[in-house]
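**Q** Residue numbers (the working numbering), protein chains in the order written: chain B, 171 to 511; chain F, 5 to 323; chain W, 16 to 464. To start, I am sharing the structure in question, which I have written as structure tokens.
Below you can see the structure in the form of structure tokens.
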């Protein structure tokens, strides 16, 4: 768990203000059976803390079902946390009133995974981009047009006239994702949450979209949460990387530090499983931890990775939950291997 | 008669679909061959016709086929000459089987997975149920699914396990060739690595050949002995994996390789500008010419296949 | 909208859809024309008018086009009226008053005898003098003459009914007047003699300024393009007015039901929780409620007005099977990423339901709406057939009910049942065919089939 002092030290170290602070966040979903009573909880997010500075890009890496989507949705204000807070610009977003929430929603843009699904199929590009403006209360039609034009130029959907009247199904995957990005950018947010923004795109387009996102992030000094399962893309625009496993952030580190010197055995496994195109791959077997991620209803006691871990310490890992340790400066991990005693 | 040197030899395979706007030339003159005990990767982006190629080889055709011809020599004999019934009885699932896209969702939800795996063995090998289940049990061993899963239903299995079951279903008739259509695209990283481990083991232990159809260049290298790059309905490059992943020949292949973000190298990935052409009215010349930085006058004409040190490439640069 | 114009272009590829669309358009145009040409009040006045409106028409006769298919032609209805042909009257002075002579020529070319003959006399007089005296004589085409009757005009409007004249019957040797007057002599069975008959009317008035007009009606055995019913009403009025009524009922019921069901389903599936539960329970209860008996009860005990029945129909149909299928789709739509995106940029509940969820179902709604129309048109007709039709308005169902009630089929008056049934079928069929075609276009799963 990140202590207050540590939080403070990061913010002074980077010399930027903390824009988003997630504090000891738990998001549990009730598990009902036949509508009669609660028989348990799905602990989708179970004690997550981190700070995000304005203009900083972080990546959250994890497999499906690790809780990264629930974490993201809670940050976006789509789920209520069971415990803990999401503090944006000094305000607890889940305590905001109607007006406050409207302000918060204009401060945060959301880029989704499936660009086709993310766009209402019955609206054309202009209508799609106009929606956030109408909802945010931009009354003047001319101003809305102007802002749509601007943001489309910015995501390189030009010439603008060619795209305004098009429906999503008439666009290629890359163009659809540009519309999604334009929609996320149109309210001039301070932070973007991108959920696997390129995983459904073709290889040749993927890089184009990643580069677009990075240039937008740099130009507008956006805070950026990039959620992905693909480690090979994170280093191109994140400064820090968080590895999530079974509802918890098990490793948080600056990107180079994590790639060069992964600490947690799970992070090791993820890196080992990521291939680069290389003909030698065909002749080697990968080391993959046995088993599958645990159920979030009844997670294992102690370290949640211990049943799959080859370096498990008997009598410790399966008993006691590892604390967050900082074996190297700014490189945190929750693993008993790095205890100092 | 073709010599039986190759397991599979596809010559000038054509599959066009009729649509309201005109025929879609999804597979338009594809040639490639595959030796015994090898795996070829067919690489291509969405809409390039790679899934249609799989359907054309396995003759799993939708109703709106406009044109389907060419030659498919399997162990030397042209299976295109067989009628549908002969093909079904002698080729599909006997010689060539397939793991379809999103196979883990393709299982029948109301049948036990053991029975589903045993089914092809009963239909094609004429086994009785107990024998077929025995065979299914052995297949589960090969693909790494615990024996007691035989009596489970698909919903009781994780995505990775279901994918393995689909693989067992393709393996159960001991075909010489399995077509894998994006076998891991919906799976997690570790599961994906696991499945590729399984595929490699099957290739070593059973000597099965594979056609792996994918858009994922990085993971494709996990299985590839050979690589075929498909673009706009045609194969533009055909090479062994060794040389392909080191230095591809076709400008498209090169740009595709350059677009792959790499974990263990620091070069910036590049993207390809523009979009692939429509398969309804593809350009008359080289189909990649519009997006190619190296194009020259000759590219107005359709390039033939040139052979460069045993590698084949459809590009005028190698004339 | 772009999508709609594309849909229409696709539609033109289905010939059945084009034909049905043309029929529907024609029906709509016709319905509008009917309502304008024959306003509601006028239509109701005619339909509810009874003998005073319809005395000129024969009772329950088929339309005149049945003659096209018969070898033995049926006589048409003939109305000769001196008020329209003043030149037919000649006046001669006679005593204090005058003699008015009218000679009607009755061309008769049919192979069957007319249904009945009748005459109306309209007298204008101060009323002090003796009633004018009428004598009628009949001349056949072969030159035979006979006296028909002599009587005084007791009232200003006097009706002489040939059928009730016992003396005439005696004079015709016991034959009915419509046979006796027209029969060829000695024909057995009696056969009508073709040619021009002459009816001479001599009216003796006892005051110089008394005038009498005469109207002669030969009730034929066919009438108009649609025939008549047991109340001598021209079925044209009922059949034509049935069209706007049927269209209105079908359209309003279908649109009302589908829109409301969709909206309620959207609200339920979006909010979930108790709202959804409530809607689902109401639907389930409603699904087991017997639909027709409720309508019969409403019709019997409350009101049979078409609007009440329409309202109850819509109300009972909203919470029907459609709400379940819409809900199933909305539950999927609700999970679409674009809805999540809309929430993330701050769209409220109402906006999400109306702007993001409902439009998603429009492609499914349009075909369902169009194919739903016939069932409501038929429902209205069925209700009318079992006697729950609107008491005032003419509808197709009520015409069938009248026919049924009067034993139309038993008596061979098939036209009475077939005409409204045909119209019901045509309108139902065209909406259904259009609905199926629309379904093919809008429903991606059926594309290319």
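Just so you know, even glycine gets a beta-carbon here, dropped at the ideal spot from N, CA and C.
(1) With a Cβ-Cβ cutoff of 8 Å, do residue 287 of chain F and residue 293 of chain F count as a contact?
(2) Since residue 415 of chain B and residue 265 of chain F should fall inside the 8 Å C-beta cutoff, what is the C-beta to C-beta distance between them, to a whole number of angstroms?
(3) Taking residue 352 of chain B and residue 362 of chain B to be in contact with their CB atoms under 8 Å, please state how far apart those CB atoms are, rounded to whole angstroms.
(4) If distances are taken between C-alpha atoms only, which option among B:191, B:300, B:408 comes closest to residue 257 of chain B?
(5) For chain F, is any of its Cβ atoms less than 8 Å away from the one on residue 391 of chain B?
(6) How would you call residue 250 of chain F, buried or exposed, if buried means at least 16 neighbouring beta carbons within 10 angstroms?
(7) As a quick exercise: from W:290, W:266, W:412, W:228, pick the residue whose alpha carbon is nearest that of residue 173 of chain W.
(8) Quick one: Cα of residue 77 of chain W to Cα of residue 23 of chain W, how far?
(9) Using a Cβ cut-off of 7 Å, pull out every chain W residue sitting near residue 287 of chain B, in sequence order please.
(10) Look up residue 313 of chain F in the DSSP assignment and say whether it is helix, strand or coil.
(11) Establish whether the CB of residue 375 of chain W and some CB of chain B are separated by less than 8 Å.
(12) Identify every run of the alpha helix (DSSP H) within the stretch 149-225 of chain W, keeping only runs that are complete inside it and at least 4 residues long; order them along the chain.
(13) Please report the residue range of the beta strand (DSSP E) in which residue 393 of chain B lies.
(14) Report buried or exposed for residue 321 of chain W, applying the criterion of at least 16 other Cβ atoms within 10 angstroms of its Cβ.
(15) Of all Cβ atoms in chain B, is any one closer than 8 Å to the Cβ of residue 7 of chain W?
(16) Would you verify that the beta carbon of residue 28 of chain F is, or is not, closer than 8 Å to some beta carbon of chain B?
(17) If you measure beta-carbon to beta-carbon, which residues of the stretch 277-293 of chain F are closer than 7 Å to chain B?
(18) Hey, is residue 341 of chain W's beta-carbon within less than 8 Å of any beta-carbon in chain A?
(19) For the 8 Å Cβ check, are there 3 or more pairs between the stretch 215-234 of chain F and the stretch 40-59 of chain F?
(20) Drop a sphere of 10 angstroms on the beta-carbon of residue 413 of chain W, count the other beta-carbons inside from all chains shown, and report buried for 16 or more, exposed for fewer.
(21) From residue 462 of chain W to residue 21 of chain F, what distance separates their C-alpha atoms?
(22) Could you compute how far the alpha carbon of residue 334 of chain W sits from the alpha carbon of residue 433 of chain B?
(23) Throw me the rounded Cβ distance for the residue 359 of chain W and residue 248 of chain B pair, which I believe falls under 8 Å.
(24) Are the Cβ atoms of residue 309 of chain W and residue 331 of chain W separated by less than 8 Å?
(25) Step through the CB atoms of chain F and report whether any lies within less than 8 Å of the CB of residue 375 of chain B.
(26) Cutting at 7 Å between CB atoms, please list the residues of its own chain near residue 457 of chain W, excluding the five before and the five after it.
(27) Could you check which residue in W:41, W:98, W:417, W:438 has the C-alpha nearest to that of residue 247 of chain W?
(28) Inspect the CB distances between the stretch 252-262 of chain F and the stretch 477-485 of chain B and report whether three or more fall short of 8 Å.
(29) Cβ of residue 22 of chain W less than 8 Å from any chain B Cβ?
(30) Quick check: residue 413 of chain B and residue 232 of chain B, are their CB atoms within less than 8 Å of each other?
(31) Identify the contact partners of residue 514 of chain B in chain F, using a Cβ-Cβ distance below 7 Å as the criterion.
(32) Could you check whether residue 94 of chain W and residue 71 of chain W sit closer than 8 Å to each other, using their CB atoms as the reference points?
(33) Tell me, to the nearest whole angstrom, how far the beta carbon of residue 393 of chain B is from that of residue 226 of chain B; I am working on the premise that it is less than 8 Å.
(34) When the distance is taken between beta carbons, is residue 183 of chain W closer than 8 Å to residue 160 of chain W?
(35) Counting C-beta neighbours from all protein chains within 10 Å, is the total for residue 300 of chain F 16 or more, i.e. buried, or is it exposed?
(36) Tell me the residue span of the beta strand (DSSP E) that contains residue 213 of chain F.
**A** Taking the structure as given:
(1) Residue numbering aside, residue 287 of chain F sits at position 283 when the second chain is read from its first letter. Residue numbering aside, residue 293 of chain F sits at position 289 when the second chain is read from its first letter. Yes, they are a contact pair.
(2) In the first chain, counting from the first residue as 1, residue 415 of chain B sits at position 245. In the second chain, counting from the first residue as 1, residue 265 of chain F sits at position 261. Residue 265 of chain F and residue 415 of chain B do not touch by the CB rule: their CB atoms are close to 23 Å apart, not below 8 Å.
(3) Here the question's residue 352 of chain B lines up with position 182 in the first chain. Here the question's residue 362 of chain B lines up with position 192 in the first chain. Incorrect: roughly 12 Å between the Cβ atoms, too far for contact.
(4) Position 87 of the first chain holds residue 257 of chain B. The option with the nearest alpha carbon to residue 257 of chain B is B:191.
(5) Looking up residue 391 of chain B in the first chain gives position 221. No - not a single Cβ of chain F is within 8 Å of the one on residue 391 of chain B.
(6) Mapped onto the second chain, residue 250 of chain F falls at position 246. Answer is exposed; the Cβ neighbour count stays below 16.
(7) Locating residue 173 of chain W in the third chain gives position 158, counting from the first residue. Comparing Cα positions, the closest option is W:228.
(8) Here residue 77 of chain W is taken as the residue at index 62 of the third chain, counted from 1. Here residue 23 of chain W is taken as the residue at index 8 of the third chain, counted from 1. So the alpha carbons of these two residues sit roughly 41 Å apart.
(9) Stepping through the first chain from its first residue, residue 287 of chain B is reached at position 117. Per Cβ cutoff of 7 Å: 351, 352, 353.
(10) Here the question's residue 313 of chain F lines up with position 309 in the second chain. In this structure, residue 313 of chain F counts as coil in the three-state DSSP scheme.
(11) The residue given as residue 375 of chain W occupies position 360 in the third chain. Yes, contact with chain B.
(12) 181-186, 192-195
(13) The residue labelled residue 393 of chain B in the question sits at position 223 within the first chain. Residues 393-398.
(14) Within the third chain, numbered from 1, the residue matching residue 321 of chain W stands at position 306. Burial call: buried.
(15) Only positions 16 to 464 of chain W appear in the structure, and residue 7 of chain W is not among them; the question remains open.
(16) Translated into the one-based positions of the second chain, residue 28 of chain F becomes position 24. No, no contact with chain B.
(17) Those residues of the stretch 277-293 of chain F that come within reach of chain B (Cβ to Cβ, closer than 7 Å) are 279.
(18) Absence of chain A from the displayed structure is noted, the protein chains being B, F and W.
(19) At 8 Å Cβ cutoff, the stretches touch.
(20) The residue you call residue 413 of chain W lines up with position 398 of the third chain. Residue burial annotation: residue 413 of chain W is buried, with at least 16 other C-beta atoms found within 10 angstroms of its C-beta.
(21) Stepping through the third chain from its first residue, residue 462 of chain W is reached at position 447. Stepping through the second chain from its first residue, residue 21 of chain F is reached at position 17. Note that residue 462 of chain W has pLDDT 48, beneath the 50 cutoff, so the model's placement of it is unreliable and the number below is only indicative. Roughly 15 Å separates the two Cα atoms.
(22) For the purposes of this step, residue 334 of chain W is taken as residue 319 along the third chain, with counting starting at 1. For the purposes of this step, residue 433 of chain B is taken as residue 263 along the first chain, with counting starting at 1. Approximately 59 Å, taken between the alpha carbons.
(23) In the third chain, counting from the first residue as 1, residue 359 of chain W sits at position 344. In the first chain, counting from the first residue as 1, residue 248 of chain B sits at position 78. Their Cβ separation, rounded to whole angstroms, is 7 Å, which keeps residue 359 of chain W and residue 248 of chain B in contact under 8 Å.
(24) Counting from one through the third chain, the residue named residue 309 of chain W turns up at place 294. Counting from one through the third chain, the residue named residue 331 of chain W turns up at place 316. Contact flag set, yes.
(25) Counting from 1 along the first chain, the entry for residue 375 of chain B is found at position 205. Chain F, which has a Cβ nearer than 8 Å to the Cβ of residue 375 of chain B, makes this yes.
(26) Here residue 457 of chain W refers to the residue found at position 442 of the third chain. Only 22, 378, 379, 381, 382 meet the Cβ criterion.
(27) Position 232 of the third chain, counting from 1, holds the residue named residue 247 of chain W. Answer by Cα proximity: W:417.
(28) no
(29) As a working note, residue 22 of chain W is residue 7 in the third chain. Judged by the 8 Å Cβ criterion, residue 22 of chain W is not in contact with chain B.
(30) Sequence index remark: in the first chain, residue 413 of chain B carries index 243 (1-based). Sequence index remark: in the first chain, residue 232 of chain B carries index 62 (1-based). It is a contact, given that the beta carbons lie within the stated cut-off.
(31) No information on residue 514 of chain B is available, as it lies outside the stretch 171 to 511 that chain B covers here.
(32) In the third chain, counting from the first residue as 1, residue 71 of chain W sits at position 56. In the third chain, counting from the first residue as 1, residue 94 of chain W sits at position 79. Yes, they are a contact pair.
(33) For this step, residue 393 of chain B is matched to residue 223 along the first chain. For this step, residue 226 of chain B is matched to residue 56 along the first chain. By a beta-carbon distance limit of 8 Å, residue 393 of chain B contacts residue 226 of chain B. Their separation comes to about 6 Å.
(34) Locating residue 160 of chain W in the third chain gives position 145, where the first residue counts as 1. Locating residue 183 of chain W in the third chain gives position 168, where the first residue counts as 1. Result no, Cβ atoms of residue 160 of chain W and residue 183 of chain W do not sit closer than 8 Å.
(35) Within the second chain, residue 300 of chain F is the residue found at index 296, counting from 1. Residue burial annotation: residue 300 of chain F is exposed, with fewer than 16 other C-beta atoms found within 10 angstroms of its C-beta.
(36) Taking the second chain and counting its residues from 1, the one referred to as residue 213 of chain F is at position 209. Per DSSP, residue 213 of chain F belongs to the beta strand (DSSP E) from 213-218.
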